[in-house]
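Undergrad:
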Amino acid sequence: MNDPALRLAGATIGYGDVAIVRDADLTVRRGEAVAVLGSNGSGKTTLSRGVLGLATVLGGTVEVLGAPVGRLRERGRVGYVPQRHTVSGAMPATVREVVTVGRLPRLGLFRRPGPRDRAAVAEAVAAVGLADRLEDPVASLSGGQQRRVLVARALAAEPELLIMDEPTAGVDAASQAALAGVLARVSAGGTTLVVVTHETGPLAGVLTRAVVVDSGLLTYDGPLAGAGAPAGPDCHHPAEAAGRPARGYSLDQPRPAPDAVRVRDGSR
Amino acid sequence: MELLEYGFMQRALLASLMVGLVAPAVGVFLVQRRLSLLGDGLGHVALTGVGVGVLTSSAPVGTALVAAVLGAVLIELVRARGRTSGDVALAVLFYGGIAGGVVLLSLAPRGQATNLDAYLFGAITTTTAADVAVFGVITVVVLGVVWLLGQRLYAVSDDEEYARAVGLPVLPLNTVLAALVASTVVLSMRVVGLLLISALMILPSAVAQLVGRSFRTTLYLACAIGVVVSVSGTAGSYYTGTPSGGTIVLLAIALFLAVTAAVALRDATARRRHGRRVVVHAAHPHEHGTGCGHRAVPHGDHVDYDHDGHLHAPHRTDSGVHYDEHTDEHTGDPVGTPPAGRTERA
Chain D
4 MNDPALRLAG ATIGYGDVAI VRDADLTVRR GEAVAVLGSN GSGKTTLSRG
54 VLGLATVLGG TVEVLGAPVG RLRERGRVGY VPQRHTVSGA MPATVREVVT
104 VGRLPRLGLF RRPGPRDRAA VAEAVAAVGL ADRLEDPVAS LSGGQQRRVL
154 VARALAAEPE LLIMDEPTAG VDAASQAALA GVLARVSAGG TTLVVVTHET
204 GPLAGVLTRA VVVDSGLLTY DGPLAGAGAP AGPDCHHPAE AAGRPARGYS
254 LDQPRPAPDA VRVRDGSR
Chain C
512 MELLEYGFMQ RALLASLMVG LVAPAVGVFL VQRRLSLLGD GLGHVALTGV
562 GVGVLTSSAP VGTALVAAVL GAVLIELVRA RGRTSGDVAL AVLFYGGIAG
612 GVVLLSLAPR GQATNLDAYL FGAITTTTAA DVAVFGVITV VVLGVVWLLG
662 QRLYAVSDDE EYARAVGLPV LPLNTVLAAL VASTVVLSMR VVGLLLISAL
712 MILPSAVAQL VGRSFRTTLY LACAIGVVVS VSGTAGSYYT GTPSGGTIVL
762 LAIALFLAVT AAVALRDATA RRRHGRRVVV HAAHPHEHGT GCGHRAVPHG
812 DHVDYDHDGH LHAPHRTDSG VHYDEHTDEH TGDPVGTPPA GRTERA
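Just so you know, the sequences run in chain order D and C.
For the first sequence, the positions run 4 to 271 when the numbering used here is used.
For the second sequence, the positions run 512 to 857 when the numbering used here is used.
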């Protein structure tokens, strides 16, 4: 249990043989709540996908919960909320059915969910404030509510490490506040949080540490406050605050247009 | 009933019952995975197996099963590689399958049962007792696997990326599903034929998906629909003298169109009612937000706005924002604003 939740050493992550995140060093201790910041195309999503085993580790070390990412036997200990606005299935499904999927990795290949699992599902759905919608079809929920269903699916696994990709993007203010409340409780319970986002605003009370990714390189690692307020494509770059110029362009030159780098955006 | 007096009709109805039950039970996962035409492709591949069986004088059902399962595994491996050439590889496999079958069947010595039509479009009355026994085994195996692994297959079909991230065995599960499809293809060969198999996997699921609320009920409903169209189509074809496969598929399509129309009618009625509620301010001068002058009233997952004594609930559509009047669930009347100071409504 004393292994760090996450350890990257000289990690290069990409797709096929194209490196997108290069030479990343990062250690996240158990119980930390870390924001991974960066503009579109910076590589922040690729970083998280490397940790999840969805992108390829091309070099260096990526260890999750003490095991190399490719050999992590119990991925069920990792929760994941993908960057998606809705639950996408073509067939109807209830909130309970979607969230129950989060329990399956803990059950091996054949075991059926038991009372303990059903309780965890109900608890996770209640945590995101949808207890009264448990048996409703997911398609009848609003976009913000569907995002909360995806959060509940990750929580149902009772993960030791929870990775979320842009959980607040396109979600109304009330849902953002609700999400911040949920994450605060989860974090207080000892779960390690890694939140990939371009806006920390709604979650500023929960996340304490920030890592900034720019053009595939980690350019800042420190307290969230020092990372500067929201790291959108158009704003002041946090690397300035850290006293380190971001690589690839100087402060006097205009930032590359987000569109120019978006082709490599790892949000696939 | 007259048709039950004939042994061939008994076998035909038994076969159609099994097909009607099994094809949708596998088909719902294909629809969920948006791979509706996988069954079609494996039907093509199975024809080569039929050709090998006829040529070597072994049972075509067995060789078709082997060919279809091999094809299914191959397809999943190609898909897992994720290369763009996968699409071309599938085309080669599918059309190679049907071309191989046609050529092999043409090489069969005269006097063999080489009626290509029977395999492509079904010839249910040629079902032998041995076929029924094989179909029975396939039915039990397929339904057993779906019962055992259904939740995992649902998870992988629903969100493959998530399944991979949390460590579900995605490739093995996808391969199992493809093998189930291959088995179903062979089971359906006599009843609906290799070219129409996909229809019986997809159409009942498509109907059930329009009315189901949960995945489980949708699956059961699809199976029930499958059994009804399959058995009634087979029985009907006895009286009309039409081929069973085509009759079953046309029945399923008729049902699909009828249910689609009924659902569209229901939605249109609901939209009209909704429209009456919105009409109070058809053209809204501004988008509510902080500082617009209207009091914000948090309500569940969204914020309503107090607008001249009634509540506006923002409702985003492709064309922008419009506001629903909050209506009382029982009377349908617009709900007035709660007294100031009481911001949360039950």
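For glycine and all other residues, C-beta sits at the position ideal for the given N, C-alpha and C.
#1: For LEU525(C), decide whether its Cβ has a neighbour in chain D, counting only Cβ atoms nearer than 9 Å.
#2: Please tell me whether LEU524(C) and THR745(C) are closer than 9 Å, where the distance is taken between their beta carbons.
#3: Check for me: the alpha helix (DSSP H) holding THR695(C) runs from which residue to which?
#4: Just to confirm before moving on: does the CB-CB distance between ARG156(D) and VAL84(D) stay below 9 Å?
#5: When you compare the CB of VAL740(C) with every CB in chain D, is at least one pair closer than 9 Å?
#6: Starting from GLU672(C), find everything on chain D with Cβ-Cβ shorter than 7 Å and list it in chain order.
#7: Residues of chain C with CB under 8 Å from GLU100(D), in chain order?
#8: Does the beta carbon of GLN543(C) sit closer than 9 Å to a beta carbon anywhere in chain D?
#9: Can you name the residues of chain C whose CB is closer than 8 Å to the CB of LEU112(D)?
#10: For TYR517(C), name the three-state secondary structure that DSSP assigns.
#11: Could you pull out every unbroken alpha helix (DSSP H) segment of at least 4 residues lying fully inside the stretch 585-610 of chain C, listed in chain order?
#12: Using a Cβ cut-off of 9 Å (strictly closer), state whether ALA676(C) contacts chain D.
#13: Please tell me whether PHE646(C) and ALA526(C) are closer than 9 Å, where the distance is taken between their beta carbons.
#14: List, in order along the chain, the chain D residues whose C-beta lies closer than 8 Å to that of VAL539(C)?
#15: Quick test of the definition: if touching needs 3 or more C-beta pairs under 8 Å, does the stretch 114-131 of chain D touch the stretch 39-56 of chain D?
#16: Mind checking PRO95(D): buried by the 16 CB within 10 Å criterion, or exposed?
#17: Please classify ALA583(C) as buried or exposed, where buried requires at least 16 other C-beta atoms within 10 Å of its C-beta.
#18: Is any beta-carbon of chain C found at less than 9 Å from that of ARG79(D)?
#19: Looking at SER741(C) and ALA579(C), is the spacing between their C-beta atoms short of 9 Å?
#20: By the 8 Å beta-carbon criterion, what residues does the stretch 107-133 of chain D contribute toward chain C?
#21: Rounded to a whole number of angstroms, what is the C-alpha to C-alpha distance between LEU110(D) and GLN543(C)?
#22: Let me know if PHE540(C) comes out buried or exposed under the rule of 16 or more other beta-carbons within 10 Å of its beta-carbon.
#23: Mind checking if ASP139(D) is an interface residue toward chain C, Cβ cutoff 9 Å exclusive?
#24: So, VAL209(D) versus ALA187(D), is the Cβ gap smaller than 9 Å?
#25: Is the distance from the Cβ of LEU766(C) to the Cβ of LEU730(C) below 9 Å?
#26: Run through the DSSP bridge pairs and tell me what VAL198(D) is partnered with.
#27: Return no unless some Cβ of chain C is closer than 9 Å to the Cβ of ARG156(D).
#28: Under a three-way DSSP split, which group does ALA232(D) fall into?
#29: Output, in chain order, the set of chain D residues within a Cβ distance shorter than 9 Å of ASP598(C).
#30: Among THR728(C), GLY611(C), ILE759(C) and VAL718(C), which residue has its Cα nearest to the Cα of ALA773(C)?
#31: Thinking just about the alpha-carbon of each residue, which of HIS555(C), SER569(C) and ARG592(C) is nearest to the one in TYR606(C)?
#32: Measuring only from the beta carbon, is GLU161(D) closer than 8 Å to any heavy atom that is part of the ligand FAD?
#33: Measure from the C-beta of ALA634(C) to each C-beta in chain D and report whether the shortest distance is under 9 Å.
#34: State the DSSP-derived secondary structure class of GLY12(D), mapped to helix, strand or coil.
#35: Candidates PRO116(D), GLY56(D), THR211(D) and LEU112(D): which alpha carbon is nearest LEU664(C)'s?
#36: From the DSSP output, in three-state form, read off PRO535(C) for me.
TA: Quick answer:
#1: no
#2: yes
#3: 681-703
#4: yes
#5: no
#6: LEU57 and PRO85
#7: TYR665, SER725, PHE726 and ARG727
#8: yes
#9: LEU660, ARG663 and PRO680
#10: coil
#11: none
#12: yes
#13: yes
#14: MET94
#15: no
#16: buried
#17: buried
#18: The amino acid occupying residue 79(D) in the given sequence is Gly; Arg does not appear at that position. It does; some Cβ of chain C falls within 9 Å.
#19: no
#20: LEU107, PRO108, LEU112, PHE113, ARG115, PRO116 and GLY132
#21: 23 Å
#22: buried
#23: yes
#24: yes
#25: no
#26: ALA38(D) and MET167(D)
#27: yes
#28: At ALA232(D), the pLDDT of 46 sits below 50, so the modelled position is not reliable; the number obtained from the coordinates is stated separately. Coil at ALA232(D), not helix or strand.
#29: Chain D residues near ASP598(C): none, gap ~17 Å exceeds 9 Å.
#30: VAL718(C)
#31: HIS555(C)
#32: Within the structure as shown, the ligand FAD is missing, as the structure has no ligands at all.
#33: no
#34: Correcting the residue type first, residue 12(D) is Ala in the shown sequence and not Gly. The answer is strand: DSSP assigns ALA12(D) an E or B state.
#35: LEU112(D)
#36: helix
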